[in-house]
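Colleague:
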Amino acid sequence: MHIILILAGFIFLLYVIARFMQKSNSPRTKKIIRYSFAAVFGLLAFFFLIIAKLMPIGGILGLLAFSSAQGGLWRFFGSGSEANVNSHNNIRRKGNGIMTRAEALDVLGLSGNPDPDTIKDAHHKMMLKVHPDQGGSDYFASKLNQARDTLL
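Here our numbering is used: the first residue of the sequence shown is 546, the next is one more, and so on.
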């Protein structure tokens, strides 16, 4: 009975960590969690194979450890980075990719005829929010750079 409770606890832990990874934007954090979870599954598999002598459970946990290290387990739970990449790839550019002045002003949140310092300041403030290093996306960062280049 206690083995079933331990397994249920680890399944719940897996679910909680998968949800945390889904909300996390840092690839480094995701990689660290993925490999540490693979190590935990590997140790559990070792425990069930050697100490508890439960071959089926140890085999399943060994498979989960391998799957976790490869990233397949996280894709199964819907928190893999491929989902984020695909959602960004579905965003299409309008027209032929050349940004108009009106679009550039709208992207940077400006109006009228701003001077270069105002454009650079608006670009800097927006970039702090959407830069990929801060958890933003490459798409929006490139849009901001394109808007700045169009206006300057």
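We treat Cβ as the ideally placed atom computed from N, Cα and C, and that holds for glycine.
(1) Does the Cβ of K674 have 16 or more other Cβ atoms within 10 Å, making it buried, or fewer, making it exposed?
(2) Just to check my reading of the structure: L696 and R646 have Cβ atoms closer than 8 Å, yes? What is that Cβ distance to the nearest angstrom?
(3) For I556, count the other beta carbons within 10 Å of its own beta carbon; 16 or more makes it buried, fewer makes it exposed. Which is it?
(4) Classify H547 as helix, strand or coil using the three-state DSSP reduction.
(5) Distance check for R564 and H547, CA to CA, integer angstroms please.
(6) Using a Cβ-Cβ cutoff of less than 7 Å, which residues in the same chain neighbour R573 once the five nearest sequence positions on both sides are dropped?
(7) Mind checking L550: buried by the 16 CB within 10 Å criterion, or exposed?
(8) At the level of alpha carbons, what is the spacing between S682 and G657?
(9) Can you tell me whether I643 is buried or exposed? The criterion is at least 16 other CB atoms within 10 Å of its CB, across all chains shown.
(10) Would you mind sorting L589 into buried or exposed? The rule is 16 or more other CB atoms within 10 Å of its CB.
(11) Specify the secondary structure class of T574 as computed by DSSP and reduced to three states.
(12) Looking only at its own chain, which residues have a Cβ that is under 7 Å from the Cβ of H668, when we skip the five neighbours before and after it?
Modeller: In short, the structure shows the following:
(1) exposed
(2) 7 Å
(3) exposed
(4) helix
(5) 26 Å
(6) none
(7) exposed
(8) 28 Å
(9) exposed
(10) buried
(11) helix
(12) L653, L689 and R693
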